[in-house]
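Asker:
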Amino acid sequence: MVQKASHRRHAPGSALPVGATRRVWIFNHYADAPDRAGGRHFALGLQLVAHGLDVTIFAAGFDHLTQQEVRATGFRLSKTRSFRGVRFVWLRTVPYRGNSWRRIANMLSYSVMVVVAQIGRNKPDVIIGSSVHPLAALAAWFVARLRGARFAFEIRDLWPQTLVDLGAVSARSLSARALWALESFLVREADAVIGLVPGTRAYLAGRRLPTHHVYYLPNGVDLDDAGGDGKDSSHPVVRAMLEEIARRRTAGEFVLIYLGSHGRVNRLDVVLAALQLANRRSRRPIGLILVGDGPEKARLRRLARRTAIDRVSFRDPVPKYSVPTILAAVDAGVIHTTRTPVYRYGISFNKLFDYLAARKPVVFACETAYDPVRRSGAGLVVAPDDPDAMAAAFVDLSSRSPDELRSMGAAGRSLVEREHDLRRLGERLVTIIGTPLVPTE
């Protein structure tokens, strides 16, 4: 039987015990490095490294958005590479297409492979298991108890509440009940629970689970890199995109951008319909660039061609480090998500904080209790799933004066400086996992 770690459990309301925490492992099936999309754990990993910690992220070499092997391991079970001091271990997992049974096999294979990959490595002090899917977090708990490490459970998505609210599974189904049971187990077993949305504690309390060890740690932005000074325009995809934006703006277009996943929950068909309506009404032409990938991208391309939607282009994902440069060149950002009850607990969209950090006004279509755009005055908020309302917002924003747009952008930047600065979030994570705040020289 696997025994729990012998460390002293934390007292209610405190972070993990401060001690000789030097080695941190992060289990995130879908984590990415900065040469591609980057992401939360690389960004936080950099902050931990700055405090003298040794950080390893265990991720799959198979990309779930493109559904391609992007980190080929060859005949090996894993491949290791470091980026600015953050070590990535990419694991060989079962490939899949669509939502077939092989996708479940992919999740299972990651959870098995991460247990295999840790054999022979130096003992970690803390393992963070991220619930991009719950099996990754379960593997983190298992390895933490096996190696005598502390276990922090990071709740990114509320499983299965998100699936239930989206209508993907029934609340009474065996799969939903199994996922709720697994979530309850991980919350009770964790030394700390890290929630990305402000309502995590309320959600768990509503399920009669302990909340004394729950900490709010949203996504954030590296404010030092958010200025977009043009130094990262050498990447060919980025250079082509900047040239396109320059042509559009020279022609008088108001250029909107969407950065992120092209999935069902994003309902980007609504954004395309809104663009078409807006250009029928607006005196000024309005353009849209959709940057990213996902299972809906091919269908969206076909939709744009079939309905003859003008002034829209689709671009492949760009390296994370180039995002500020691209955002500096456009006029405003767009976010749309379909209406779902789970957002009552809040949201933590990376792309939103990227927009705000770049001082760009935002057209925000998301029904949520935590609305940074409305709260800060950083743009226009409209109802989701409503192309007419979004079109009106596009036209409204495109008619605003440069001073009004700058004022909205400044309001958004002020909010992320207060609440989503990665340095502050990194310090908070260091406190949560129990490491003295002693930065390295």
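Residue numbers (the numbering used here): 722 to 1162.
C-beta atoms are modelled at their ideal positions from N, C-alpha and C, and glycine is treated no differently.
Bear in mind the structure is a predicted one, so any value in this text is a computation, not a measurement.
1. Between which two residues does the alpha helix (DSSP H) carrying E965 extend?
2. Shortest alpha-carbon distance to F783 belongs to which of Y751, Q768, W746?
3. Starting from K1018, trace the alpha helix (DSSP H) in both directions and tell me its first and last residue.
4. Would N843 be called buried (16 or more neighbouring beta carbons within 10 Å of its own) or exposed?
5. Taking the alpha-carbon positions, what's the V935 to E1148 distance?
6. Less than 8 Å between the beta carbons of M1111 and A1086, yes or no?
7. Measuring alpha carbon to alpha carbon, tell me which of Y1064, S1119, P1123 ends up nearest D886.
8. Alpha carbon to alpha carbon, how far is V1083 from I1010? Give it in angstroms, no decimals.
9. Beta-carbon within less than 8 Å of V963's beta-carbon, same chain only, minus the 5 sequence neighbours each way: which residues are those?
10. So K800 is in the beta strand (DSSP E); what residue range does that whole segment cover?
11. Terminal residues of the continuous beta strand (DSSP E) containing H1057?
12. From D950 to D846, what does the alpha carbon distance come to, in whole angstroms?
13. Check for me: the beta strand (DSSP E) holding W901 runs from which residue to which?
14. Check whether the Cβ atoms of V991 and P1108 lie closer than 8 Å to each other.
15. Determine the extent of the beta strand (DSSP E) in which W822 is found, giving its start and end residues.
16. Considering only their Cβ atoms, is the gap separating F809 from A780 smaller than 8 Å?
17. Could you tell me which of V1012, R871, A889 sits nearest to V914, measuring between CA atoms?
18. Check A1110 in the structure and name its three-state DSSP category.
19. Would you kindly work out how many angstroms separate the C-alpha atoms of R866 and P931, rounded to a whole number?
20. Taking the alpha carbon of T1061 as the point to measure from, which residue in P1105, D943, L774, P1123 has its own alpha carbon closest?
21. Is F1070 helix, strand or coil when you go by DSSP?
22. Around the C-beta of L895, are 16 or more other C-beta atoms found within 10 angstroms, so that it is buried, or is it exposed?
23. Which residues does DSSP list as the beta-bridge partners of V976?
24. Going by DSSP in three states, V1116 sits in which element: helix, strand or coil?
25. Over what stretch of residues does the alpha helix (DSSP H) that includes R761 continue unbroken?
26. So, with DSSP's three-state summary, where would you put G1133?
27. With a threshold of 16 other CB atoms inside 10 Å of the CB of S832, please say whether the residue is buried or exposed.
28. In three-state terms, what does DSSP make of P1160?
29. State the beta-bridge partners of L812 as determined by DSSP.
30. For L1101, write down the residues that DSSP places opposite it in a beta bridge.
31. Just verifying my parser: in three-state terms, what is the DSSP assignment at R1144?
32. If you reduce the DSSP assignment to three classes, tell me which class A913 lands in.
33. Taking all protein chains shown into account, decide if W880 is buried (16 or more other Cβ within 10 angstroms of its Cβ) or exposed.
34. Check whether the stretch 850 to 865 and the stretch 799 to 807 are in contact - that is, three or more C-beta pairs closer than 8 Å.
35. With which residues is I667 paired in a DSSP beta bridge?
36. Where does V1094 fall in DSSP's three states?
Answerer: On the basis of the supplied data:
1. From DSSP, the alpha helix (DSSP H) with E965 extends over 957 to 971.
2. The residue with the shortest Cα to Cα distance from F783 is Y751.
3. First-last of the alpha helix (DSSP H) with K1018: 1018 to 1027.
4. exposed
5. 16 Å
6. yes
7. Y1064
8. 14 Å
9. Correcting the residue type first, residue 963 is Leu in the shown sequence and not Val. Here the set comprises S954, T1046, I1047, A1050.
10. 799 to 804
11. 1053 to 1057
12. Because D950 sits at a pLDDT of 49, beneath the cut-off of 50, its placement in the model cannot be relied upon, and the following sentence gives the value as read from the coordinates. When rounded, the distance between both Cα atoms is 39 Å.
13. Element bounds for W901: not the beta strand (DSSP E) but the alpha helix (DSSP H), 895 to 910.
14. Less than 8 Å divides the Cβ of V991 from the Cβ of P1108.
15. Unbroken run through W822 is the alpha helix (DSSP H), 822 to 838; no beta strand (DSSP E).
16. In this structure, A780 places its C-beta atom within 8 Å of the C-beta atom of F809.
17. R871
18. Helix at A1110.
19. 20 Å
20. When each option's Cα is compared against that of T1061, the closest is P1105.
21. coil
22. It is exposed - the Cβ of L895 has fewer than 16 other Cβ atoms within 10 Å.
23. G1008
24. helix
25. 761 to 771
26. G1133 falls in the helix class under three-state DSSP.
27. Around the Cβ of S832, a 10 Å sphere holds 16 or more other Cβ atoms; the residue is buried.
28. At P1160, the pLDDT of 41 sits below 50, so the modelled position is not reliable and the matter cannot be decided from this model.
29. As DSSP reads the structure, L812 sits in a beta bridge with A781, S799.
30. V1084
31. helix
32. strand
33. buried
34. no
35. Because the chain is modelled from 722 through 1162, residue 667 falls outside the range shown and cannot be assessed.
36. Collapsing the DSSP output to three states places V1094 in a helix.
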